[in-house]
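Novice: If you read the sequence shown in UniProt numbering, its first letter stands for residue 1, the second for the next number, and so on.
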Amino acid sequence: MRYLSFRDLQAKLGGRGRTTIYRDVDLGRLPKPVKIGSRLYWNEADIDATLQARAEE
1 MRYLSFRDLQ AKLGGRGRTT IYRDVDLGRL PKPVKIGSRL YWNEADIDAT LQARAEE
């Protein structure tokens with residue numbers, strides 16, 4: 001299992017802005033991050049599954 005930092009997530013999503021990413025999380029378009037220590041990380045498999053599901057819509 002690989003976790004993405006915010007910068008990794010931003011790169012994977014094509015350079016999306018911080019506000020847009022957190023808005024998508026709040027609206028359920030992206031999975032919620034996991035807090036490890038004092039930082040937030042996203043499970044890469046969850047992000048990939050979400051992107052794949054959106055592509056199939």
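C-beta atoms are modelled at their ideal positions from N, C-alpha and C, and glycine is treated no differently.
Source: prediction; values computed, not measured.
(1) Pick helix, strand or coil for Lys35, following the three-state DSSP scheme.
(2) Only counting the same chain, and skipping five residues up and downstream in sequence, which positions put a Cβ closer than 8 Å to that of Tyr3?
(3) Is it buried or exposed, Leu51, if we count other Cβ atoms within 10 angstroms and call 16 or more buried?
(4) Taking all protein chains shown into account, decide if Leu30 is buried (16 or more other Cβ within 10 angstroms of its Cβ) or exposed.
(5) Please list the terminal residues of the continuous alpha helix (DSSP H) segment that includes Glu56.
Specialist: From the atom records:
(1) strand
(2) Val34, Ile36, Tyr41, Trp42, Asn43, Glu44
(3) exposed
(4) buried
(5) 44-56
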